[in-house]
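Enquirer: Read in order, the letters of the sequence shown correspond to residues 1 to 596 in full-length UniProt numbering.
My questions will all concern the structure given below.
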Amino acid sequence: MTDTKEGGSWEFEDDDYVPYVPVKQRRAAKLQKLTAHTRREITSKSDADEDQLPETGPRSNISLIDQALEFKKQQELKNSQKTEAEKQLEEEMAILEAVARRKQLASDRELAKDITYTEPMKSTWKPPSYLQNLSEEKLSEMRKKYHILVDGEDVPPPIKSFKEMRFPKPILEYLKSKGINSPTPIQIQGLPTALAGRDMIGIAFTGSGKTLSFSLPMVMFALEEECKLPLIRGEGPVGMIICPSRELARQTFESIKTMSEYLMKGGFPQLRTLLCIGGISMNEQSHVLSQGVHMVVATPGRLQDMLEKKKINLDICKYMCLDEADRMVDMGFEEDMRNIMSYFTSQRQTLLYSATMPKKIQAFAESALVKPVIVNVGRAGAANLDVIQEVEYVKQEAKMVYLLECLQKTPPPVLVFAENKNDVDGIQEYLLLKGVEAVAIHGGKTQDEREFAIKSFKDFKKDVLVATDIASKGLDFAEIHHVINYDMPKEIEDYVHRIGRTGRCGKTGLATTFINLTGCSEQILLDLKHLLLEAKQQVPPVLLTLHDPSENTSLSGGCSFCGGLGHRISDCPKLDAQRRVQMGSMHHGSTDRGNY
Numbered sequence: 001m002t003d004t005k006e007g008g009s010w011e012f013e014d015d016d017y018v019p020y021v022p023v024k025q026r027r028a029a030k031l032q033k034l035t036a037h038t039r040r041e042i043t044s045k046s047d048a049d050e051d052q053l054p055e056t057g058p059r060s061n062i063s064l065i066d067q068a069l070e071f072k073k074q075q076e077l078k079n080s081q082k083t084e085a086e087k088q089l090e091e092e093m094a095i096l097e098a099v100a101r102r103k104q105l106a107s108d109r110e111l112a113k114d115i116t117y118t119e120p121m122k123s124t125w126k127p128p129s130y131l132q133n134l135s136e137e138k139l140s141e142m143r144k145k146y147h148i149l150v151d152g153e154d155v156p157p158p159i160k161s162f163k164e165m166r167f168p169k170p171i172l173e174y175l176k177s178k179g180i181n182s183p184t185p186i187q188i189q190g191l192p193t194a195l196a197g198r199d200m201i202g203i204a205f206t207g208s209g210k211t212l213s214f215s216l217p218m219v220m221f222a223l224e225e226e227c228k229l230p231l232i233r234g235e236g237p238v239g240m241i242i243c244p245s246r247e248l249a250r251q252t253f254e255s256i257k258t259m260s261e262y263l264m265k266g267g268f269p270q271l272r273t274l275l276c277i278g279g280i281s282m283n284e285q286s287h288v289l290s291q292g293v294h295m296v297v298a299t300p301g302r303l304q305d306m307l308e309k310k311k312i313n314l315d316i317c318k319y320m321c322l323d324e325a326d327r328m329v330d331m332g333f334e335e336d337m338r339n340i341m342s343y344f345t346s347q348r349q350t351l352l353y354s355a356t357m358p359k360k361i362q363a364f365a366e367s368a369l370v371k372p373v374i375v376n377v378g379r380a381g382a383a384n385l386d387v388i389q390e391v392e393y394v395k396q397e398a399k400m401v402y403l404l405e406c407l408q409k410t411p412p413p414v415l416v417f418a419e420n421k422n423d424v425d426g427i428q429e430y431l432l433l434k435g436v437e438a439v440a441i442h443g444g445k446t447q448d449e450r451e452f453a454i455k456s457f458k459d460f461k462k463d464v465l466v467a468t469d470i471a472s473k474g475l476d477f478a479e480i481h482h483v484i485n486y487d488m489p490k491e492i493e494d495y496v497h498r499i500g501r502t503g504r505c506g507k508t509g510l511a512t513t514f515i516n517l518t519g520c521s522e523q524i525l526l527d528l529k530h531l532l533l534e535a536k537q538q539v540p541p542v543l544l545t546l547h548d549p550s551e552n553t554s555l556s557g558g559c560s561f562c563g564g565l566g567h568r569i570s571d572c573p574k575l576d577a578q579r580r581v582q583m584g585s586m587h588h589g590s591t592d593r594g595n596y
């Protein structure tokens, strides 16, 4: 007995015997024929038509389950043809996308009412007419000369002098008194962008003059508002700057206060600035609150407290800058920032500045900005090229003795960084016993102790400052010749910030780092190795002997999460640490941020 298949139905030569063919077998036979037909078509068609299967979909006589199985086979066939690098890249993109899925950084009112701003803030400031008339090619040549990379729509032109930026005479006198005669690359592009009212992400190496790029425009906007209509009690601020640490906030506050004094001496109205940080009594600044506040410099926790108590409001606030923006998100201030945003009642100009701005922070930041301009001077997370980096292998038990030898390399002042508070206290005590004038700063000390240490070190009354990473972010110490890393930090971003305390404003500095294989993870050492290679610094033999997975792959660019060059996002220690913190916060319901 034989059977044949014609026109989609089964016929048998023996009419007396008609066997039953199960549905499963019939479907399998049809699927086999369909598969053979599909393979022939795929071979003959172009790559663009490879994924098209004939006679599939809800109207096909093949079940959806069988179609799904066949589609899965085709996908597996395609995946098997991909290179290992392509597979790894796809996996990393999926990880980064999952990390980037965050609630938008906007006020509750805007989110609830689905308010979206499509146009940037308007500003009365205009660049010189000759710059407005320059072609894009000429402007690109100017930016290329100063190694400035920009991204965004209608980017304002770069301006090479403060006078052409149309600052008033008292501001020019202030800059001259500080020894600032011409703008740095980040100021050449950053100041015109901020003055034009544009939202902005500013990325530049440490010591490049970022603070002036965002504080000076805020002073100008506050001055303009005061000249139009003077502020009275209960009004303000017009603009605010939020910093991750008290020391950085106070340093920024002092520079803005000095600018305001120069303006008042030059015949302009008085501008009042409020400092909102933990550890100080707000009663000391009651005279500022009683007259209306033009500008606020704050840490997130104290600012949130002031807003909740209705001491200040953001009804007329049109300017907000987050200094060291990526560090604030990493330190757990993200929710505080969302709460602060909920007090805004209208659109504002937002600026985000940092020396290290990984892609995950940039993507998150762009969701809060309106047609942002990204200004980048050098690679985000790159070390300052004016710093000579010396990395030395030192056993754990020999660190303290070798520290004394390292202090002989340069004259004071010297900054020593350690990872934890106990080490900071131990180093200070040892140095004092050896006759070295040293002060210490960490999160466990009172605000008075911290301010005394910073002031005495800045005034050259003390030769050595021993500190944890709270002194590494943005603080500007004059004439520091040498930074010593008593131990290697757990993240390469902290290393970049630490060594950036020297080699500032074009001066050359020295950074000495102690490493050993017991106290440092392999990932951070590989990151350090690649950072040294990028900056064309000498790499110690101990780093050259490490197994480097990146040497066996065609992928380049390092980790897209933290910016480290020695590992990929799938092996990122910072991402793992962040996940552990998130899991821990679910159990404990709080994070320790009070020291900042």
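Think of the CB as a built atom: it goes at the ideal place given N, C-alpha and C, for glycine as much as any other residue.
#1: Once DSSP output is grouped into helix, strand and coil, what is the label at T299?
#2: Tell me whether the beta-carbon of P192 lies closer than 8 Å to the beta-carbon of P244.
#3: Assign K529 to buried or exposed, taking buried as 16 or more other Cβ atoms, counted over all protein chains shown, within 10 Å of its Cβ.
#4: With F477 and P413 assumed to form a contact (beta carbons below 8 Å), what rounded beta-carbon distance in angstroms separates them?
#5: Using 8 Å as the Cβ pair cut-off and three pairs as the minimum, do the region 134 to 144 and the region 199 to 218 touch?
#6: Helix, strand or coil, according to DSSP, for L216 in the structure here?
#7: For G8, which residues in the same chain have their Cβ closer than 7 Å to its Cβ, ignoring the five residues on either side in sequence?
#8: From R143 to L149, what distance separates their C-alpha atoms?
#9: Which residues mark the beginning and the end of the beta strand (DSSP E) in which residue 599 is found?
#10: Who pairs with F417 in a beta bridge, going by DSSP?
#11: According to DSSP, what are the bridge partners of I241?
#12: Buried or exposed: which applies to L303, given that a residue is buried once 16 or more other Cβ atoms fall within 10 Å of its Cβ?
#13: Can you tell me whether V401 is buried or exposed? The criterion is at least 16 other CB atoms within 10 Å of its CB, across all chains shown.
#14: Let's see if you can read the secondary structure: which residues bound the alpha helix (DSSP H) around M337?
#15: Would you call the CB atoms of R352 and I201 closer than 8 Å?
#16: Within its chain, find whatever has a CB closer than 8 Å to the CB of M282; leave out the 5 residues flanking it on each side and keep chain order.
#17: Give me the Cα-Cα distance between R498 and K73, rounded to the nearest whole angstrom.
#18: Would you mind reading off the limits of the beta strand (DSSP E) that contains G202?
#19: Classify T591 as helix, strand or coil using the three-state DSSP reduction.
#20: Please state whether DSSP places T124 in a helix, a strand or coil.
#21: Mind checking F417: buried by the 16 CB within 10 Å criterion, or exposed?
#22: Between which two residues does the alpha helix (DSSP H) harbouring L532 extend?
#23: Measure the Cβ-Cβ separation of N384 and G207 and say whether it is below 8 Å.
#24: By how many angstroms is the C-alpha of P489 removed from the C-alpha of Q52?
#25: Is the CB-CB distance between I186 and V377 below 8 Å?
#26: Alpha carbon to alpha carbon, how far is I242 from V370?
#27: For T273, which three-state DSSP category applies?
#28: Relative to the C-alpha of R246, which candidate in M328, K178, P168, S260 has its C-alpha closest?
#29: What is the rounded straight-line gap between the Cα of E119 and the Cα of T513?
#30: Taking only three categories from DSSP, how would you classify L53?
#31: Spell out whether any CB of chain B is found under 8 Å from the CB atom of I65.
#32: Should the region 461 to 472 be regarded as contacting the region 429 to 445, the criterion being three or more beta carbon pairs within less than 8 Å?
#33: Report the partner residues of L404 according to the DSSP bridge assignment.
#34: Measuring only the C-alpha atoms, how far is Y495 from L77?
#35: Residues in its own chain within less than 8 Å of T410 by CB, not counting five upstream and five downstream?
Expert: Based on what the coordinates show:
#1: In the three-state scheme derived from DSSP, where H, G and I count as helix and E and B as strand, T299 is classed as coil.
#2: It is not a contact, given that the beta carbons lie outside the stated cut-off.
#3: Around the beta carbon of K529, 16 or more other beta carbons lie within 10 angstroms, which makes this residue buried.
#4: That pair is a contact at about 7 Å.
#5: Result no; under three Cβ-Cβ pairs closer than 8 Å.
#6: In the three-state reduction of the DSSP assignment, L216 falls in the helix class, which pools H, G and I.
#7: Residue confidence is low: G8 scores 44 on pLDDT, short of 50, so the model does not pin down where it sits. No coordinate-derived value is stated.
#8: In a straight line, the C-alpha of R143 is about 7 Å away from that of L149.
#9: A question about residue 599 goes unanswered here, because the residues of the chain that appear run from 1 up to 596.
#10: In the DSSP output, where bridge partners are listed per residue, F417 has A467, N485.
#11: Answer by DSSP bridge pairing, in chain order: V297, C321.
#12: Buried.
#13: Taking a 10 Å sphere around the C-beta of V401, we find fewer than 16 other C-beta atoms and assign the residue as exposed.
#14: Taken as a continuous stretch (DSSP letters only), the alpha helix (DSSP H) holding M337 covers 334 to 341.
#15: A small fix is needed here, since residue 352 is Leu in this sequence, not Arg. Yes, these two residues count as a Cβ contact at 8 Å.
#16: Excluding its 5 nearest sequence neighbours in each direction, M282 has C-beta neighbours in its own chain below 8 Å: C276, L289, M306, K311, listed in chain order.
#17: If you take the alpha carbons of R498 and K73, they lie about 52 Å apart.
#18: Counting along the chain, the beta strand (DSSP E) containing G202 begins and ends at 200 to 204.
#19: Annotation note: pLDDT 40 at T591 (below 50); position unreliable, no value reported.
#20: Correct three-state label for T124: coil.
#21: By the neighbour-count criterion, in which a residue is buried when 16 or more other Cβ atoms sit within 10 angstroms of its Cβ, F417 is buried.
#22: Segment 522 to 534, the alpha helix (DSSP H) holding L532.
#23: In this structure, G207 lies closer than 8 Å to N384 by Cβ.
#24: Annotation note: pLDDT 49 at Q52 (below 50); position unreliable, coordinate value reported separately. In this model, Q52 and P489 are separated by some 53 Å (Cα to Cα).
#25: A distance below 8 Å separates the beta carbons of I186 and V377.
#26: Whole-angstrom Cα-Cα distance: 19 Å.
#27: Strand at T273.
#28: The shortest C-alpha separation from R246 is found at M328.
#29: Approximately 47 Å, taken between the alpha carbons.
#30: Bear in mind that a pLDDT of 46 at L53, under 50, signals an unreliable position, so the model cannot answer this.
#31: No chain B appears in this structure, which consists of one protein chain only.
#32: With the cut-off at 8 Å, the region 461 to 472 and the region 429 to 445 touch.
#33: Residue pairing by DSSP places L404 in no beta bridge whatsoever.
#34: Taking the straight line joining both Cα atoms gives about 45 Å.
#35: Hits under 8 Å: H481, H482, L510.
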